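Take a look at the structure set out below.
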Amino acid sequence: LGHTFAVHDGRKHVPVFITESMVGHKLGEFAPTRTFRGHDKDDRKGRRR
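Position 46 of the sequence shown, counted from 1, bears residue number 52 in our numbering, the numbering being contiguous throughout.
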């Protein structure tokens, strides 16, 4: 508890700080592998009727 590990997410190493709620989990669960950039703002094109 209280340590920081460098966990590889497939591209780079991500620092993960260990807390008490993380005990029993695998370290890879706390290194996000995909970046969410959001959806398109202009969604009116798909709603024509």
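For each residue, glycine too, the CB sits at the ideal point set by N, CA and C. Owing to the predicted nature of the structure, the values given are computational and were not obtained by experimental measurement.
For H19, the CB contacts under 6 Å within the same chain, skipping 5 residues up- and downstream, are A12 in chain order. DSSP places F42 outside both helix and strand once states are collapsed to three, so it counts as coil.
Take L33, set aside five residues on each side of it, and the residues of its chain with a beta-carbon closer than 7 Å to its own are F11, V13 and V22, in chain order.
For A12, the pairing in a beta bridge is given by DSSP as P21.
Rounded to whole angstroms, the gap between the alpha carbons of M28 and H9 is 12 Å.
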